[in-house]
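Accompanying notes for the structure given below.
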Amino acid sequence: MVKVWRASDVEMIGLAGYGRKYVAEVEFKGIPKNGGFIYVRIPGGMKTDSHAHGTLEEVFIIMNRTKMGVGDQLLDVDEGDVVLVEPREAHWFETPDGDDVVVIAIKFPNLKDDKIQLES
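Per my numbering, the sequence shown starts with residue -2, numbered consecutively.
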């Protein structure tokens, strides 16, 4: 089941020269041996292909406002939001016209051949 943590729900704490928000504390299904960190840029006006992963859990850190589909939900996500997608959950992105979207995808464990392509 998808879980979303909203950066807008957390107060910014001012520290020595910077601010921070503790957005998410995530519990994984198992103890990951490794992780893959992927910088993703999606062009504006794009709907990515729906896909899932057989084994890995994937965490997305949203860098700017967009829509993210997970299962039968279409989520409005914004800068700083954290989304946890479990194995076998279909997911995709729908970006606004004219604006590229940047997402940091983190895979636990880092399985490079775990993608299951689905019908869009």
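Glycine included, C-beta positions come from ideal geometry on N, C-alpha and C.
- In the three-state reduction of the DSSP assignment, Ala4 falls in the helix class, which pools H, G and I.
- Only residues of its own chain outside the window of five on either side were considered, and among them Asp78 have a CB closer than 7 Å to the CB of Arg3, listed in chain order.
- When only Cα atoms are considered, Gly27 and Glu83 end up about 12 Å apart.
- The beta carbon of Lys0 is closer than 7 Å to those of Leu81 in its chain, skipping five residues each way along the sequence.
- With respect to the C-alpha of Gly66, the residue from Leu53, Thr52 and His48 having the closest C-alpha is His48.
- When DSSP states are grouped into helix, strand and coil, Val20 belongs to the coil group.
- For Leu71, the enclosing beta strand (DSSP E) starts and ends at Gln70 to Val74.
- The C-alpha of Pro106 is placed about 5 Å away from the C-alpha of Pro29.
- A check of alpha carbon separations from Leu71 across Asn61, Met60 and Ala87 identifies Ala87 as the nearest.
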